[in-house]
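When you read off a place in the sequence shown, starting at 1, and then add 730, the result is the number in my numbering.
Built from N, CA and C at the ideal position, the CB exists for glycine as well.
These figures come from a predicted structure and were not determined experimentally.
Before any comments, here is the structure.
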Amino acid sequence: MRVLLLIVCFSAIIAGCGPTSRYEVSGDHIVFNTRWGPNFVSGADVTTFRPIGGLFAKDARHVFFGEELIEGADPLSFSVIDAKTGRDAKSIYRASGRCDECDFGSFQRIDDNWYVDKNAVYASLNNSWKRTERANSGSTLSLMTGLLRTAAVSI
Numbered sequence: 731m732r733v734l735l736l737i738v739c740f741s742a743i744i745a746g747c748g749p750t751s752r753y754e755v756s757g758d759h760i761v762f763n764t765r766w767g768p769n770f771v772s773g774a775d776v777t778t779f780r781p782i783g784g785l786f787a788k789d790a791r792h793v794f795f796g797e798e799l800i801e802g803a804d805p806l807s808f809s810v811i812d813a814k815t816g817r818d819a820k821s822i823y824r825a826s827g828r829c830d831e832c833d834f835g836s837f838q839r840i841d842d843n844w845y846v847d848k849n850a851v852y853a854s855l856n857n858s859w860k861r862t863e864r865a866n867s868g869s870t871l872s873l874m875t876g877l878l879r880t881a882a883v884s885i
């Protein structure tokens, strides 16, 4: 079964069905392609612009999520956590918004839909988070890590 899955995944990548950038240069503009059509990325510098992973891109002075400028994000230190989550030297971002409630020092991704810091647990909801303060973040991390290990062992 694993071999069949690997063959299917490898074939999809070879055939060009793997993930590709949705950004492209159009004359002296950058365009972000959505299912509703192309949108210009306002303020992007064509000469330094590059996709950096997920739906994020940056140029020498800005960080973008899709066609949206992420206000205050530092392009020098910005890194992608997953397709819609990133961080720079000071903050955590979900899509184009900064998470002012997130504890930067302890924030971590558990899986595609769950994040935790020392104060709360966060469930991803499209381009934002649902914060749950009453959850014990330490217990949630232990529970999720245990479930992930159990799932990995049983595969």
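Assignment of E754 by DSSP, reduced to helix, strand and coil, places it in the strand class. In this structure, P781 lies near A787, with their beta-carbon atoms less than 9 Å apart. Counting the other Cβ atoms within 10 Å of the Cβ of E797 gives 16 or more, which makes it buried.
No residue range can be given for I800, since it is assigned to no beta strand (DSSP E) and is classified by DSSP as neither H nor E. By the beta-carbon neighbour count (other beta carbons within 10 angstroms, threshold 16), K814 is buried. For A853, the enclosing beta strand (DSSP E) begins and ends at V851 to L855.
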